[in-house]
Amino acid sequence: MFVADVHYPHHGEEIFDLLDLIESQNNPDRQLFLMGDIFDLLFGYNHYIQGFSSPLIQRLQKLSREIEIHYIEGNHDFCLKELFPHIQVYPRSKQPIKFKIQEHNVYLSHGDRYARPLSYEIYSRILRNPFSLTLLRPFERTIIDHRMQKLQQKKICSDFESFETHVHEIRTYYPKEALIIEGHFHQGKKIQNYISLPSLVCQKQIGIVKRNQIEFIPIASLTRG
Ligand SMILES: [Mn+2]
């Protein structure tokens with residue numbers, strides 16, 4: 028199961044229905060891939076920020092003791108290893124991660140790894156540095172409160188102009204025959220060997236591997252009843 032861009036707590040309450048379903052199925056072979064931006068704002072080395080999102084943090088911590096969970100960090104949620112000791116956490120610097128569906132190579136990343144300007148690269152590295160996050164601590168409440176308020180008002184579901192052009196640029200970083208799976212763009216589109224996962228908030232769908240293909244499934248069809 029691939030779940031992307033939930034942006035909790037401002038959006039994405041549906042994820043609790045999904046976690047209920049996964050727990051009730053009690054299938055130890057289930058693999059859950061959290062593809063980043065599951066939280067609207069969450070990072071490690073900071074206690075205050077966890078308070079906004081503790082219901083989901085606790086549910087994921089609990090579920091991670093029962094099934095295999097992989098967490099591909101996003102641009103809204105990072106430095107998470109200390110928060111989720113039983114989850115396989117992959118920071119941006121380790122992405123893309125190579126997996127296999129049968130014999131087919133599959134590369135997973137959140138979606139902000141390639142085809143970004145240098146300024147974004149520098150900004151991302153500073154922001155994800157434990158030292159910077161610790162330095163920010165004396166101002167944490169003001170900064171975090173302000174950021175949370177902005178994020179609450181942000182419209183996160185919109186069309187990405189010239190999305191295909193951007194996808195083609197990303198594809199140049201990968202082997203031609205490989206499957207690429209990313210979140211981040213909230214599109215829910217398949218373009219040749221590139222899969223832009225649906226956002227749980229915008230399309231209300233998740234990705235599921237069925238017959239060795241990724242299918243987009245409406246969350247309501249899974250959790251209904
Ligand atoms: Mn993102």
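Counting in the working numbering, the sequence shown runs from 28 upward without gaps.
Where is the CB? At the ideal position from N, CA and C, for every residue including glycine.
Please report the residue range of the beta strand (DSSP E) in which residue i lies.
i    : result
G234 : Q232 to K237
E209 : L206 to E209
S223 : Y221 to S223
P245 : Q240 to P245
K216 : K216 to I218
Starting from residue i, follow the alpha helix (DSSP H) in both directions and report where the run begins and ends.
i    : result
V228 : Looking at the DSSP string, V228 is not in any alpha helix (DSSP H), and its letter there is neither H nor E.
I96  : Not the alpha helix (DSSP H): I96 falls in the beta strand (DSSP E), residues E95 to I99.
Y150 : L145 to L154
K89  : Q77 to L90
D175 : Before going further, note that residue 175 is Met rather than Asp in the sequence given. E167 to Q180 is the extent of the alpha helix (DSSP H) around M175.
Indicate, with yes or no, if ligand 1 has a heavy atom lying under 8 Å from the CB of residue i.
i    : result
H103 : yes
D56  : no
H97  : no
H137 : yes
D32  : yes
G78  : no
G234 : no
D64  : yes
G210 : yes
Buried or exposed, going by whether 16 or more other CB atoms sit within 10 Å of the CB of residue i?
i    : result
S146 : exposed
Q122 : buried
R119 : buried
D56  : exposed
R168 : exposed
Y75  : exposed
Y221 : buried
S80  : buried
P36  : buried
P225 : buried
Y98  : buried
R152 : exposed
I65  : buried
A247 : exposed
Is residue i helix, strand or coil when you go by DSSP?
i    : result
V133 : strand
L61  : strand
V194 : helix
K121 : helix
E188 : coil
F111 : coil
K127 : strand
F66  : strand
D104 : strand
F43  : helix
F212 : coil
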